[in-house]
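Some notes on the structure that comes next.
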Amino acid sequence: MAEERVGPPERRLPLFRRQAIEGAPGTIKLAELPFAAKFVLRLDPAAGEAAFRQAAGLDLPAAPLMSVVNGERAVLWLGPDEFLVVAPEAEAGELAEALAAGLADTHHQFTEVSNYYTAILVEGPKARQALMKLTTLDLHPRAFKPGMVAGSNFGHAQAYLWLEHEEEGAARLRLYVRWSMAEYLWCALAEAGREWGVPEQEPVAGEPMLTESVTSRKA
Amino acid sequence: MAKQPYRVAKRGLIQRSRVIRFTFDGRSYPGHPGDTLASALLANGHHMLARSFKYHRPRGILAAGSEDPVGLVTIGAEATRRDPNTRAAEQELYEGLVANAQNCWPSLATDFGAVNDAFARFMPAGFYYKTFKGPPGTWTGIFEPIIRAAAGMGRAPEPGDPDRYEAVNRHCDVLVVGGGPAGLMAALAAGRSGARVIFCEETARLGGSALARDPEGLRFDGTPPAQWVADTEKELAAMEEVTVLPRTCAFGYYANNFVGLWEKVSDHLPEEKRLRHLPRQRLWRVRARQVVLATGALERPLVFHENDRPGIMLSGAVRTFLHRYGVMAGKRPAVFTNNDSGWVAAFDLARAGAEIAAIVDIRREMAPEHLAEAARLGIPIHASSTLVGTEGRRRIRQIEVRPLREDGTVGEGGSKIACDLLAVSGGWAPNVALFSQSRGKLRWDADIAAFKPGLSWQRERSAGAANGTFALPDVLAEGARAGVEAAAAAGFASGDVAVPEVEGVEPGQGRIEVMAELPSHLPAHRRRAFIDLQDDVTAKDLRLAVQEGYSAVEHAKRYTTTGMGTDQGKVVNLNAFAFLAAERCEEPVRIGTTTFRQPYKPVTIAALAGQHIGPHFAPRRMTPMHAWHRRHGAVFEPVGDWLRPRAYLRADEQDGEDFYAAVQREARTARTACGVLDASTLGKIDVKGPDAREFLGRVYTNAWSKLAPGMCRYGLMLGEDGMVMDDGVTACLADDHFHMTTTTGGAARVLAKLEDYLQTEWPELKVFLTSVTEEWAVASICGPKSPALLAELLDDFDPDPERFKFMAWRNATMSGIPVRVFRISFTGEISYEINIPATYGRWMWRTVLEKGGKYGITPYGTEAMHLLRAEKGFIIVGQDTDGTVTPHDLRMDWIVKKNGDFIGKRSLSRSDTARPDRRQLVGILTEDPELVLEEGAHILQRRNEPEPPVPMLGHVTSSYYSPNLGRSIALALVESGGRRIGERLFATKGGLPTVPVRVTETDFLTLKAKGQLPQPPREALHG
Amino acid sequence: MHGYNVLRLLREGLSGHKGWQPAWRKAEPKASYDAVIIGGGGHGLATAYYLARLHGLTNIAVIEKGWIGGGNAGRNTTIIRSNYLYDASAAIYNHALHLWKGLSRELNYNIMMSHRGVLNLAHDEGEARQLKRRVEANRLNGVQAEWLEAKEVKAFCPPISIAPEARYPVIGATLQRDGGVNRHDAVVWGFARAASAMGVDIIEECEVTGIETEKGAVTAIETTRGRIATQKVASVAAGHTSVIAGLVGLRLPIESHPLQALVSEPLKPVMPCVVMSNAVHVYMSQSSKGELVIGAGIDPYLSYTQRGSLSIIEHQMAALIELFPFVSRLRMMRQWGGIVDVCPDASPIISKTDVKGFYVNGGWGTGGWKATPASGHAFADLVANDEPNAIAAPFTLERFVTGDLVAEHGAAAVAH
Amino acid sequence: MFVITCPYCGERDLTEFAYGGEAHIARPHWREDMSDAEWADFLFMRANPKGVLAERWMHAAGCRRFFNMLRNTATDDILAVYRIGETPPKVEARLPATPSGEAPLGSGNDAVKVIQPGEGG
Ligand SMILES: Cc1cc2nc3c(=O)[nH]c(=O)nc-3n(C[C@H](O)[C@H](O)[C@H](O)COP(=O)(O)OP(=O)(O)OC[C@H]3O[C@@H](n4cnc5c(N)ncnc54)[C@H](O)[C@@H]3O)c2cc1C
Ligand SMILES: NC(=O)c1ccc[n+]([C@@H]2O[C@H](COP(=O)([O-])OP(=O)(O)OC[C@H]3O[C@@H](n4cnc5c(N)ncnc54)[C@H](O)[C@@H]3O)[C@@H](O)[C@H]2O)c1
Ligand SMILES: Cc1cc2nc3c(=O)[nH]c(=O)nc-3n(C[C@H](O)[C@H](O)[C@H](O)COP(=O)(O)O)c2cc1C
Ligand SMILES: [Zn+2]
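These protein sequences, in sequence, are chains A, B, C and D.
Just so we're aligned: the first sequence equals residues 159 to 377 in my numbering.
Just so we're aligned: the second sequence equals residues 333 to 1355 in my numbering.
Just so we're aligned: the third sequence equals residues 75 to 490 in my numbering.
Just so we're aligned: the fourth sequence equals residues 187 to 307 in my numbering.
Spelled out as structure tokens, the structure:
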């Protein structure tokens, strides 16, 4: 069965086969962001905010749909008692330990989702417009401001959208999407970018399927 | 090059300097950029371009826009780009456009279908209800095929549409629909406030009816109309927050100010000029805080004998063709009107050089200034007269005028007047389609004899002609006001918006006199006065509908099909309503209207689907190992959104392996050596909190209080109706921390349900749930060689089943990578599930296969997995259950705890649910071991079925040929199954004779181990 | 009732069609009736027709708040089939099919019953399994049913795509050859005409606003056109079943949802049969007039607005293109919505209630059209005899208490 | 196509939400002697009102929270949104003109299609 020798452990992101792509200069870029540690924190902020601050070194977002960034760490609001904590890979263990200790007396859940989610970067002056082909979120600059996070549907994929920052109309957005939907979303985003010259991304498709029912012919 | 005999010099917004060619019905014609197909055909003197639906009567063009009911053609040169039922009046002309007549055979000019017309008297409304009622089968066999072949309009294209479509979402503060004077002012006013404005216009240009006016006679603040429109458009374009969308029709006004816009992005371009990076059409899904409807007014035709000939056109359309497209639709036009609009059209035509044959007006009194102007232009006037007939086949050539008596009947005398165009006007009616779609209430306005917006139901306002305001200065002012108010309502102040001073205000339609059907000297049954010109509904048909009791407007519509064509009766419906009112001697307001439904005009199906088709139609959820599966012969099966390998067909064997052989091989290898399954798709939920155990005890049927960390337990989850909904194994990670698994297809449903109970039913429980399905890639390794393989795969790991017991789990590492290993099994075989962080999944899988090579490992798919678990008698929720099966029906009483509540518990004791003779899951063995039952086969008491209905005892839920038992096996739900173990019953086999079977326990492996499997293995065949 | 036939049509054609009479009398409400039927849809009119014809009850009225056939009867996609799973369902739907076959003649009104065949597609093994189970059950119940492999599906319905690379490839289908479509309005009008001819009062634009009871028994109804005394009230109000039941203080296991449908522009014949798919959620046929009649999905929320959400239609159109690529460039001409009353087990209620003289027929959900004559037939029997007959018995309200549901989710998964 | 105001995330499109059915149907506490009818009432019987309905929704694509909403099912007007556990606010539904809320003429609609003489509004 095995035709190739497998080497030491190698990690692959869901989109590892996909190169970063972009449209005409100054329009839109798509890329999968490299590995990072991600955790879902479930916690009643009223009960555990101080402990969290102490352990993680940053505040919980003060308002819904907001994020807090401190250096390379960030906390994104996902729900009233649900947050996405992002940190550099190397800090994952230390962060988890610190939180486990710090929140030991608080009812909480700190679950690693580094592999569950991948992050797709959508960047450029046309980023908002491209995304609006896939989501019903109001992404007008008046409505969706830097630092904001929103969970929504993007085409058929649920994902969290985070506007990291925006300079002179060029937005830098991240989409956190679950592994199994990453290919779909990537191709849908590329399709949305075609207007600005983003190359078409052939979705993985055409898997062989049986075209007859087999229940009647088992033997 | 042919001339365009009806093109007039210097008029129109067409690009005269360029001549483009198009073909209609195989003949080539010239036209200009800026033309529509209709205007270009008219410029060439071509009026007849279609045949009507029922009688196949010649049809021309009635209106100059999307409201035209009759001028339908098929566009497109290629069969895959064929667009039937395209309105010539809407289709912009481009170089090389190919149009063809439809609904006629052999040709437009000679159409055999037209014989229908000769038999029209025998085919009144609803004639088919009264006949063709032969014995059963005659309709399907004889009459229907004939009717179906005769009906329909264009021919559908061939599959394989090469074009792209897309949908986009937008939010805005103000949406302005309609680019006429009212809409322009509204957009301007709203735009100046800084509000986010979307401004759409159905046609290629802004300007609306301003472009249908003689530019000489009209000034906005001293500027000619086209210039004013252009200046306004420029100002709008410069506003950052304003989006102007020409060629964009607002087709649907839905709840909560959601409006669908349909943009034709490249339909106006020749094939080779279409921009590949842009879609053919675009759907704008607009969420507007406020909406301004400035959709203008539509002109009605008049209902009189022979009013359906090509060359009979609405007066406004005549003006549009003249001023917007530079086409004089006729050189000797006659006018027939019940209001002043016809007069204005006549004057325009006369000034442009036409010789007006006559103005026929049914009214007695006319505006003196019009009479004076007519006299000045030398136009013959026939006041208080009507038309009683027309002539001309492919184009009108004569009208017959008769005086109208005071009592509304036709007088003697009169004359026949030659003409080559008849402009008709029945007065203008506000275009209230979108308003009514928004569920606003209409108000009857007797002055204009039409409905206009009354009571708004959503955040919307109408302005201009759409609101029944017809005088241009008022229209502009109302538009501006609507824009200001809409912006204000959305929170934006615009300040004052100066309304341009209009020079050349038209007098308007004046007093309008409505006669539902114009009188005639002909006996009623000889009159052919058309109301719906597409579906061939005549006044006579509507009269018959009333006579037969189909007099409610909705009944009349359905009985006669009036307003049910592709135009949805935009310009003809009001005539139908007026006619019904007259017939029923009631006020029109009591008749009401039929329902204005979406879409305003027909919208391409692919545009509604947008980009979400083909490979983007439904996501394919993939595990990290997906690519490997594809490379190794996997045949896939959809499980929810996931694609899972179903079996791996080996290519190396001769001719390749077929599916059945692959499944047998996989299942055999998994039990005799080693097999590995990609189990990553199983749902996984991290459950944590001090009340986690309590919570599990409520959502599963069994108890969880004693499960120790390091151990796992199987659970069944029910709905509140007591029926099995999902199952899975949950591992205790720590006293307050669990790792729950669900079925692949049930994952999302289970999580939602658990959240539901936690958030709404038991908020007091301190438990958090987080989905971790894709965090882990999972290899489920089974078979006698699996312990040895595990020992090799994992670092310092003792997989010995004696010490690493069934239903335990451990942390371990694989080449240093932390993994969780579960000793759980769905096959009854020694089995391990390695869970590794998904980013290592691909590597893990390849490593397992590489290191498993020497143990003879095989990857196996879901089909072998199903087979293996059936050998052990394990259920699959959704296959062996169907939402009507309780744990007791599965004979899994052991899993239902006696004490304490859980979801679904109370349902189990309902009188029917607790019945002892319900269908229960049992094993089924055919007496012939080689015979594999069909899943879905039914179980009967008797060998020979009596006549239906045959009593059924149950059905087969799972059935396989088991390579490991050397015979076929099946699971079935059978009435009182538990009590029937050992009984001989019969299974159906399609239409073939039933086969004898034996009822057994479900765990076939154990039966075999105990020597209770009745049949010998068949080594010979499957060695 | 004047007969309808070809000769008469020809005669009338020659004399200007002056002889045709109203199809049904426009009745004014009387002070009292032996029984009152609420709802002038297909089921209500069929009930009246059979009450008069089979039970001799002619002093009855059908009360319709709008115009007859204006509810679901006027907005359904008219798919007729009887290939349901359970015996109880097979009995009633097959009975309906049997009645449909003779209805044009019986009513002397051409309801255009077209037995052009109904395909139920399977896109994966799970569906194939369920469908095959149904084929077997159908056969044993005397319901016409057969299984077609993908290639046979294509042969029966050439415009369908059976491309193996499709996301949900067609792997087979069941075919009920004597299933099909008919002309919905004609059914309504045909029943109304026949019932009216036997003396039934059909009262339109009259809304039932209250039901009076005394000691737990019905005594009268209140309507927008006055009070009507009666001891039997039969509710056949489809989408409004719960509202009517609410008038006597009953709560039912029913929820009312929007269900949408749409038609394309008319075309020359392209679709030879009816096709339904659960997985991609499409059903389509072509009407005699030429439009493709396409059913959309049900909205998940309750609503009485007779409209649904565009998103349902959008998804529907994508699915339709998957299955029928030729529709891509065609246009949607009109879309509309109806209110369907859905039971938890996807089966109807034909039942007495705790209120004496108050009978309920409802909960047909997305698929009751096909049952119209049988539903009326069975309900008439219940109203006349105060006991359910064998066909109605499994569909009483009692089943929600005992748990003896008739779970037809599989057979009714796609709205139709 | 509703706009639903999630009490946590604000205005979002219908397509982000999952419907949760009629609200305030408390699951009865388990009792041995609970009758089948009582249980059936909880399981199946619904008010299904034409008018104001208290219903549950979940912001499935967003914050995944359940919440309650008051909506007029005769018009689809959304009248209030409130959190789980809160009591429904008092609201007034805009009532359509006929008792059923449908048109006396023509097809049924939430708002009557045509204003009749003598009718206000
Ligand atoms: C879009 C759509 C597609 C469908 N497709 C199919 C299909 O293909 N095949 C199929 O079998 N089924 C289909 N159905 C379901 C089918 O239409 C219904 O199950 C069936 O028509 C309901 O019975 P009915 O005809 O009597 O209902 P209705 O026609 O709705 O009759 C009920 C009547 O009661 C009246 N009423 C309500 N309240 C009152 C009151 N207070 N006073 C007086 N009158 C009142 C209503 O106005 C209405 O006319 C579909 C339904 C819809 C909406
Ligand atoms: N002679 C008369 O009595 C009479 C009667 C009516 C109107 N008028 C004149 O008509 C003008 C009215 O101006 P107005 O701005 O109100 O109307 P308009 O007719 O000038 O403009 C309406 C515009 O809306 C567009 N439109 C319609 N439906 C649409 C849709 N669904 N989506 C997108 N676009 C759509 C049309 O293409 C048109 O361009 C005035 O000049 C008025 O004098 C005169
Ligand atoms: C089977 C069927 C076919 C239909 N065909 C047409 C049609 O050809 N043209 C049309 O305008 N409407 C057609 N309709 C839709 C009706 O016009 C109407 O929308 C529907 O009966 C609902 O009524 P309402 O829209 O007035 O609420 C059809 C409806 C059905 C049920
Ligand atoms: Zn939310």
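Glycine included, each C-beta is placed from N, C-alpha and C at the ideal position.
Regarding histidine 314 of chain C and ligand 1, is the C-beta to nearest heavy atom distance less than 7 Å? yes
Of all Cβ atoms in chain D, is any one closer than 8 Å to the Cβ of leucine 236 of chain A? Answer yes: the Cβ-Cβ gap between leucine 236 of chain A and chain D drops below 8 Å somewhere.
Residues of the segment 856 to 889 of chain B in Cβ contact with chain C at a cutoff of 8 Å, in chain order, please. Ala856, His857, Lys872, Leu876, Gln879, Glu880, Gly881, Tyr882, Ala884, Glu886, His887
Is it the case that the CB of tyrosine 586 of chain B approaches a heavy atom of ligand 2 more closely than 7 Å? no
Any beta-carbon of chain B closer than 8 Å to the one on valine 238 of chain D? no
Neighbouring residues, chain C, relative to glycine 364 of chain A (Cβ below 8 Å): Glu239
Applying a beta-carbon distance threshold of less than 8 Å, which residues of chain B neighbour phenylalanine 252 of chain D? Glu1087, Asp1088, Gln1091, Thr1092
Rounded C-alpha distance that separates threonine 1218 of chain B from valine 475 of chain C: 16 Å
Below 5 Å from a heavy atom of ligand 3 - residues by beta-carbon: B:Met896, B:Thr927, B:Arg929, C:Gly148, C:Arg149, C:Val337, C:Glu365, C:Val367, C:Arg408, C:Trp410, D:Ser293
So the candidates are C:Gly77, C:His91, C:Asn146; which of them puts its Cα closest to the Cα of glycine 369 of chain C? C:Asn146
Beta-carbon of leucine 368 of chain A versus every beta-carbon of chain C: anything under 8 Å? yes
Terminal residues of the alpha helix (DSSP H) in which tyrosine 302 of chain B lies: With chain B represented from 333 up to 1355, any question about residue 302 of chain B goes unanswered, as that position is not in the structure.
What in chain A is Cβ-close to alanine 247 of chain D, meaning under 8 Å? Gly309, Ser310, Asn311, Gln316
Just the C-alpha distance for histidine 76 of chain C and histidine 857 of chain B, rounded to the nearest angstrom, thanks. For histidine 76 of chain C and histidine 857 of chain B, the distance between alpha carbons rounds to 21 Å.
Look at the alpha carbon of alanine 319 of chain C and the alpha carbon of serine 309 of chain C, and state the distance between them as a whole number of angstroms. 8 Å
Short of 6 Å in beta carbon distance, which residues of its chain neighbour proline 1349 of chain B, apart from the five on each side in sequence? Order them along the chain. Here proline 1349 of chain B scores only 47 on pLDDT, less than 50, and its place in the model is too uncertain to base an answer on.
Going along the chain, which residues of its own chain have a beta-carbon closer than 7 Å to the beta-carbon of phenylalanine 552 of chain B, five neighbours each way excluded? Taken in chain order, the residues that qualify are Trp560, Pro832, Val834.
Is it a yes or a no for the segment 1044 to 1055 of chain B touching the segment 975 to 991 of chain B, going by three-plus beta-carbon pairs under 8 Å? no
Under the criterion of a Cβ to heavy atom distance below 7 Å, does leucine 326 of chain C qualify as lining ligand 2? no
Where the segment 1139 to 1171 of chain B meets chain A: residues whose CB sits under 8 Å from a CB there: Met1146, Ser1147, Gly1148, Ile1149, Pro1169, Ala1170, Thr1171
Could you pull the start and end residues of the beta strand (DSSP E) that lysine 225 of chain C belongs to? First-last for lysine 225 of chain C: 224 to 230, but that is the alpha helix (DSSP H), not the beta strand (DSSP E).
Give me the Cα-Cα distance between isoleucine 530 of chain B and tyrosine 268 of chain D, rounded to the nearest whole angstrom. Between the alpha carbons of isoleucine 530 of chain B and tyrosine 268 of chain D lies a gap of roughly 32 Å.
Minimum length 3: unbroken beta strand (DSSP E) runs contained in the segment 822 to 864 of chain B: 862 to 864
For arginine 696 of chain B, collect the residues of the same chain with a Cβ closer than 7 Å to its Cβ; drop the 5 residues on either side in sequence, then sort them by chain order. Ala715, Ser716
Residues near phenylalanine 265 of chain C in its chain [Cβ-Cβ closer than 6 Å; skip 5 each side]: Same-chain partners within the cutoff: Leu119, Ala120, Tyr123.
Starting from lysine 1237 of chain B, find everything on chain D with Cβ-Cβ shorter than 8 Å and list it in chain order. Trp216
Going by DSSP, what residues sit across from glutamine 1252 of chain B in a beta bridge? B:Val1306
Tell me whether glycine 759 of chain B, by its Cβ, gets closer than 7 Å to a heavy atom of ligand 4. no
Tell me which residues pass a beta-carbon proximity test against ligand 4: closer than 6 Å to any heavy atom, given in chain order. D:Cys192, D:Tyr194, D:Cys195, D:His245, D:Gly248, D:Cys249, D:Arg251
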